[in-house]
Amino acid sequence: MSATGIPERVGHLPPRKGEEGSSEAGYNFAYLDEGTKRMIRRAILKAIAVPGYQVPFASREMPMPYGWGTGGVQVTAAILGRADVLKVIDQGADDTTNAVSIRRFFARTSGVATTTRTTEATIIQTRHRIPETPLSEGQTLVYQVPIPEPLRFLEPRETETRQLHALAEYGAMHVKLYEDISRHGHIATTYAYPVEVAGRYVMDPSPTPKFDNPKMDDCPALQLFGAGRERRIYAVPPYTRVRSLDFEDHPFRVQEFTAPCALCGARGHYLDEVVTDDSGGRMYVCSDTDICETRVAEATR
Amino acid sequence: MYVAVKGGEAAIDNAHRLLAEARRGDAAVPELSVAQIREQMALLVDRVMTEGSLYDPDLAALALKQARGDVVEAVFLVRAYRTTLPRFGASTPVDTGAMAVERRVSATFKDLPGGQVLGPTFDYTHRLIDFALAAEGAVEPAAEAEPRDDAGTCPRVTDLLAQDGLIEASPPDDGAPVGDLTREPVDYPADRALRLQALARGDEGFVLGLAYSTQRGYGRTHPFVGEIRVGEVAVEFVPEELGFAVPLGRVRLTECQMVNQFKGSGAAPPQFTRGYGLSFGQSERKAMAMALVDRALRAEELGEPVASPAQDQEFVLAHCDSLQATGFVEHLKLPHYVDFQAELELVRRLRAEFEQGRDRAGMQEAAE
Amino acid sequence: MSAPLLSAHGLSKAYGNRLACAGIDLDVTEGEVLAIVGESGSGKSTLLSLLAGELAPDSGHVRYRMRDGQTQDLADLGPAELRRLMRTDWGFVRQDARQGLRMAVSAGGNVGERLMGMGERHYGRIRGQALDWLGRVEIEAGRVDDPPSQFSGGMRQRLQIARNLVTGPRLVLMDEPTSGLDVSVQARLLDLIRRLSAELGLAVIIVTHDLAVARLLSHRIAVMRAGRVIETGLTDQVLDDPEHAYTQLLVSSVLAA
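Residue numbers (the numbering used here), protein chains in the order written: chain A, 1 to 301; chain B, 302 to 669; chain C, 670 to 926.
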């Protein structure tokens, strides 16, 4: 987040029908009006003050559909300053269509610099991954969240889940893990794996693979989570304890890949399976395209 | 050699150009004007305005043109535009009792002050395809109404019932500010004003289905159409610096007041209760469905068991919005490689363990 | 005699202008089984909900002697404390097992939930306790991973009992636990309840319309009619020599039947 203060308005109202000119010139810096940004910032501040707690906010209609990142986009719009450098990833990659679309949206409505390099970005908006490159102080990771409520599929009613969070009654969450072990011999939750934040609230880390859960713990960067359709914002402040739920005798474990990345040879990265032909051919490559390209470039230099 | 998939930028640009071409259709066919859509697809325009929460027939018509006639997509465009508009304040409540009525029907009284006015309606038409419409031609002018003695007075049916105490009083204006679900997150339980907002914005098909379910026994409300009225009302606004109401213009509305049976409770005598529906333009189906669901959602307040979907406000409010629904359903088109990879790995491992277990069992059997 | 474990004073609750409970006083001491009997509509289920803190009384108090020996008014406990009390020191066996169990969760998970809610995080120990308790309520160990939706009515009630007793509560409320079961299944369940409450020194408040159930299980009995307790006393005394005319009618109608 840059400290340039509130950006001034760059235009007036959006053009009405029949007017000439490019539409994006008519919108405020980063699309949202300043009143809305202040409202979102208040929710973000509250979320940071109460780590892992879901703060309701008045999510706006955005020009992209619900479920396509409206929550993350609103959080990014609210914190974006002119000096920021923005990176947008989807599935770990900068070049997936939705990442391209959101990056373009901000390039057009704010004119800020964009990058694909994790190390150069001040704000990284993500869907489903945390970059492999360790994040540093001063960076903000903005997650797009479809279902913010970790208890949703145990208890569909908002009134009840709110009560359970207030009373820290998370027994039911462990019942689900117990059921996994009794049925499969191990915990069978592979993504959106619930975590306990700062020893208090149980939180949904968004549908990142559990492979990424350890990166959330004691992370130097600020982590913000935006759920547009469900109208919730939550946060993990820098250097906060994030613990994946487990049992003493069935500790949390991440996925392991036996083969290295077929492109850069990295081990210990999350890999995408790529189907190479119609006769069962497969290869495994880094889901994080930035680190993969960087490694390939370094190797060939 | 595999190369990671690139070219998202070019692909999106090309897809958008193709969309623009598909929108235009065959260039040999004359292009639709916004005015043509506004005038000749008027009910569709009304629906887009209602669900888009913005009264602007030209904008709704343009959105329909841009959306190739896809209602939800057009609503989406209107809503995304609406969200950027500055907000000056709220108008004073419109007075539907003073509506310039174009259509007004009651199912509870055969005749009543102001009369039954059918107006422009599909009701009682025979649904036969009119092949004459395929050819362009002039329309026979509509008949002019005979003036009635009571023309100009058209009291609401619910007001007539209320005079005798037969129907619950309309809730008094307590002066408290009315919530706005487009500006504040919904806090359950939501009050009736917020529920009505959600229903007014809600998808017509979804609200219709819920309303229908109450008629089929899932939360029965024993409804009668007290009145449906369609027409223009004045919109007035009180600027702070003036301190009195000034007219802003007129909007066309459809209002439905549903009258529902109520047997009374220990505390209250039997009387009729109300369900309320209001929509932009002429959207009768929507206004009626809204009124039925509004009444069903009052179950708890009226001491009725809450057992059916239409009575469950969390269920109704969380699912009635077509944009929220379509967004989340359609987001399944987005890539989920990473999550799917996690599940693939798990299923493979579980299958391997299953095979090992079966092999072991097989060996034991063989040993016995 | 020691101070009561639970005592209610002047409990009243009205629905509209109908009094469901009116000025009810009662005590339960540790290890004592109290039966509340009466016809349907006499207010006994409302009374149980009031005692459990699920319904707020219009007037009156429920006091409980906590594990630390301090007696507290339930109305003074915050929602968090009240819920903790309910899932540790109290049990509640429902008439309808579907309200007392998670029907889609395995029997082991059902029994283990309270332990996990209290912070137990060792799968092996949770499962061990679940198996132990299933054994004590006569459910085969082989059914530990089956959900109660696959259980018979009697098994579901026994599973509810195990789910409640796993945290070692001192007080268990039971709402018509045997109704709707076959006679032979009922007898087995009653036998189990009697044995466990004696072994564990449980205080039990059981609501039943069935005087035979009350006679078999309870030390003391309270007879309810139209929202009031009209007669209390030792079970044998009340059932063999009822004082109140209504109790006499109730007892004789059972004998005649």
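No residue lacks a Cβ here, since even glycine has one placed at the ideal position from N, Cα and C.
- Assignment of Cys-292(A) by DSSP, reduced to helix, strand and coil, places it in the helix class.
- With respect to Val-594(B), Ala-501(B) sits apart: the two C-beta atoms are not nearer than 8 angstroms.
- With contacts defined as CB atoms closer than 8 angstroms, Ala-78(A) and Ile-40(A) qualify as a contacting pair.
- Less than 8 angstroms divides the Cβ of Val-774(C) from the Cβ of Val-175(A).
- About 5 angstroms separates the Cβ atoms of Ala-172(A) and Leu-154(A), confirming a contact at the 8 angstroms cut-off.
- Taking a cut-off of 8 angstroms for Cβ pairs, the region 680-691 of chain C and the region 734-744 of chain C do not touch, as fewer than three such pairs fall below it.
- Listed by position along chain B, the residues whose Cβ is nearer than 8 angstroms to that of Tyr-27(A) are Thr-385.
- Within chain C, no C-beta atom comes nearer than 9 angstroms to that of Gly-52(A); the closest sits roughly 18 angstroms away.
- For a cut-off of 8 angstroms, the C-beta gap from Gly-628(B) to Arg-229(A) is around 6 angstroms, short enough to register as a contact.
- In the DSSP annotation of this structure, the continuous segment of the beta strand (DSSP E) that includes Trp-759(C) starts and ends at 759-762.
- A Cβ-Cβ distance of about 29 angstroms is found for the pair Val-406(B) and Ala-375(B), leaving them out of contact under the 8 angstroms criterion.
- The beta carbons of Thr-422(B) and Phe-538(B) sit no closer together than 8 angstroms.
- Annotation for Leu-618(B): the continuous alpha helix (DSSP H) segment containing it runs 614-620.
- When Cβ pairs closer than 8 angstroms are counted between the two stretches, the region 368-387 of chain B is seen to touch the region 620-639 of chain B, the count reaching three or more.
- Residue state for His-730(C) is assigned as strand, using DSSP reduced to three classes.
- Of all C-beta pairs linking the region 614-622 of chain B to the region 142-150 of chain A, fewer than three are shorter than 8 angstroms, placing the two stretches out of contact.
- By the rule that beta-carbons nearer than 8 angstroms mark a contact, Phe-252(A) does not touch chain B.
- Between Thr-70(A) and Tyr-31(A), the alpha-carbon positions lie close to 12 angstroms from each other.
- Annotation for Leu-86(A): the continuous beta strand (DSSP E) segment containing it runs 85-90.
- Three or more beta-carbon pairs drawn from the region 765-785 of chain C and the region 819-828 of chain C are found closer than 8 angstroms, and the two stretches are therefore classed as touching.
- In the structure shown, Arg-894(C) adopts extended strand secondary structure according to DSSP, grouped into three states.
- Between the alpha carbons of Gln-764(C) and Leu-703(C) lies a gap of roughly 17 angstroms.
- Contact of Met-785(C) with chain A is assigned, a C-beta pair being separated by under 8 angstroms.
- In this structure, the alpha-carbon of Val-639(B) lies about 8 angstroms from that of Arg-129(A).
- Among the residues facing chain A, Asp-814(C) is included, as its CB has a counterpart in that chain under 8 angstroms away.
- Taking a contact to require three or more Cβ pairs closer than 8 angstroms, the region 585-600 of chain B and the region 512-526 of chain B qualify as touching.
- Distance from the CA atom of Leu-164(A) to the CA atom of Ala-749(C), rounded to whole angstroms, is 10 angstroms.
- Pairing Leu-840(C) with Asp-758(C) gives a Cβ-Cβ distance under 8 angstroms.
- The three-state reading of DSSP puts Leu-680(C) in strand, counting E and B together.
- Ala-121(A) carries a coil assignment under DSSP once its states are collapsed to helix, strand and coil.
- Where Leu-461(B) is concerned, the enclosing alpha helix (DSSP H) starts and stops at 458-464.
- Residue ranges of uninterrupted beta strand (DSSP E) with 3 or more members, entirely inside the region 821-885 of chain C and ordered along the chain, are 840-844 and 872-877.
- Residues of chain B whose Cβ lies closer than 8 angstroms to the Cβ of Phe-57(A) are, in chain order, Pro-486.
- DSSP places Ser-580(B) inside the beta strand (DSSP E), whose first and last residues are 574-581.
- Annotation for Glu-179(A): the continuous alpha helix (DSSP H) segment containing it runs 171-184.
- With a contact defined as Cβ atoms closer than 8 angstroms, Val-195(A) and Asn-213(A) qualify at about 6 angstroms.
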